[in-house]
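Undergrad:
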Amino acid sequence: MSAQESQKTIRTALKRVRGLGAAHHGTSDFIRQRVTAIALVLLIVPVIVVIMSLLGRNQAGAAAILGSPLIAIIMILFIIASVWHMKIGMQVVLEDYVSDEKLKLVAVIANTFFCAAVGIASIYAIFKLSSGV
Numbered sequence: 002m003s004a005q006e007s008q009k010t011i012r013t014a015l016k017r018v019r020g021l022g023a024a025h026h027g028t029s030d031f032i033r034q035r036v037t038a039i040a041l042v043l044l045i046v047p048v049i050v051v052i053m054s055l056l057g058r059n060q061a062g063a064a065a066i067l068g069s070p071l072i073a074i075i076m077i078l079f080i081i082a083s084v085w086h087m088k089i090g091m092q093v094v095l096e097d098y099v100s101d102e103k104l105k106l107v108a109v110i111a112n113t114f115f116c117a118a119v120g121i122a123s124i125y126a127i128f129k130l131s132s133g134v
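Numbered according to the working numbering, the sequence shown spans residues 2 to 134.
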């Protein structure tokens with residue numbers, strides 16, 4: 002900043018750069034990561050109970066257990082929370098440790114597609130098992 006420009010403004014250097022961190026959205030990612038973690042903590046006990054009840058059963062037995070709307074909803078919520086948590090966590094790692102911008106963009110896009118594919122496949126499996134098909 003030139004001397005003439007600095008005379009026109011009374012803003013300090015800190016004020017000009019405040020809020021302009023590396024990603025410009027670190028707080029929202031931090032909060033989303035914590036919200037999904039809390040959701041996972043709340044959902045893990047029912048999911049473990051469901052998984053333990055599925056052990057040793059064939060597809061018909063699994064379909065009978067997962068046929069309950071409450072059980073299917075709990076499983077789907079767990080899948081959504083875990084996939085979202087995984088996506089945010091991996092994206093933060095990629096943004097922090099991949100220095101090449103093009104590679105970073107490709108990696109973040111690949112991460113998003115991978116997480117979407119895992120989530121869709123898992124939810125499809127729950128729907129398929131819960132419908133008894």
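Where is the CB? At the ideal position from N, CA and C, for every residue including glycine.
1. Quick one: give me the first and last residue of the alpha helix (DSSP H) that D97 is part of.
2. Is the distance from the Cβ of S83 to the Cβ of I66 below 7 angstroms?
3. Pull up the CB-CB distance for I127 and M76, whole angstroms please, since I reckon it's below 8 angstroms.
4. How would you call A1, buried or exposed, if buried means at least 16 neighbouring beta carbons within 10 angstroms?
5. Please report the straight-line C-alpha distance between L104 and M87, rounded to a whole angstrom.
TA: On the basis of the coordinates in this document:
1. P70 to Y98
2. no
3. 5 angstroms
4. With the chain represented from 2 up to 134, any question about residue 1 goes unanswered, as that position is not in the structure.
5. 20 angstroms
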